[in-house]
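Using the numbering used here, the first residue of the sequence shown is number 178, and each one after it goes up by one. The beta-carbon is built from N, C-alpha and C at its ideal position, and this holds for glycine as well. Below: one structure, written as structure tokens.
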Amino acid sequence: ATVPLDGYVINILMQASTFAIAVFGLCVVLGWFGQINLAQAAFFVFGAYAVALGTTAYHLDFWLCVGAGAVFALGAGAVLGASTLRLGGHYLAMVTISFQQIVTLVMINAIGLTRGPDGIGNIARPAGLQSSQSYLAFCVVALAAVG
178 ATVPLDGYVI NILMQASTFA IAVFGLCVVL GWFGQINLAQ AAFFVFGAYA
228 VALGTTAYHL DFWLCVGAGA VFALGAGAVL GASTLRLGGH YLAMVTISFQ
278 QIVTLVMINA IGLTRGPDGI GNIARPAGLQ SSQSYLAFCV VALAAVG
């Protein structure tokens, strides 16, 4: 049965579950390892733009782009992690917040690639998740899977 929710409420719930998944990555680094990583949003950006560019500019399959986005974000995290392996505490925080700022500035100013602050729009939903209710259910299941 579908849940009779307003489109605005469904959109807010989808965004909240998506951001909660991103925050879970911060919980892993800070909660389990006790390190202050302030670049979580940069890795989220890498994955999100990989999906957005893959599906809109290159017309690739959504699920293939999700996998590529995860690999791309993982690769960026591995490069940053390897280069900051011996850092901790405030030094790690300074390097990661600097990395985050660099990524933010590049993404905002690379208008030809990312469309700047407006971002990439009109990303098609995958087959089977065309309705807002089914997409919300997918977001909640994904949140439960990583949480």
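query                                                                                                                                                                          : result
Just to confirm my understanding: we take Val323, look at its own chain, exclude 5 residues before and 5 after, and list those with CB closer than 8 angstroms. What are they? : Ile198 and Phe201
With a Cβ-Cβ cutoff of 9 angstroms, do Trp240 and Pro294 count as a contact?                                                                                                   : no
Pick helix, strand or coil for Gly246, following the three-state DSSP scheme.                                                                                                  : helix
Could you give the residue range of the alpha helix (DSSP H) that holds His267?                                                                                                : Gly266 to Asn286
Buried or exposed: which applies to Phe210, given that a residue is buried once 16 or more other Cβ atoms fall within 10 Å of its Cβ?                                          : exposed
Would you decide whether Phe276 is buried or exposed? Buried here means 16 or more other CB atoms lie within 10 Å of its CB.                                                   : buried
What does the Cβ neighbour count give for Asn214, buried or exposed, with the cut at 16 atoms within 10 Å?                                                                     : buried
Can you give me the C-alpha to C-alpha distance between Asn188 and Ser309, rounded to a whole angstrom?                                                                        : 8 angstroms
Taking the Cβ atom as the reference point for each residue, do Met284 and Tyr226 lie within a distance shorter than 9 angstroms?                                               : yes
Could you tell me the alpha carbon to alpha carbon distance between Leu237 and Gly224, rounded to whole angstroms?                                                             : 15 angstroms
Looking only at its own chain, which residues have a Cβ that is under 7 angstroms from the Cβ of Ala270, when we skip the five neighbours before and after it?                 : Ile213 and Leu215
Going by alpha carbons, who is nearest to Val205 out of Ser194, Leu306 and Gln217?                                                                                             : Gln217
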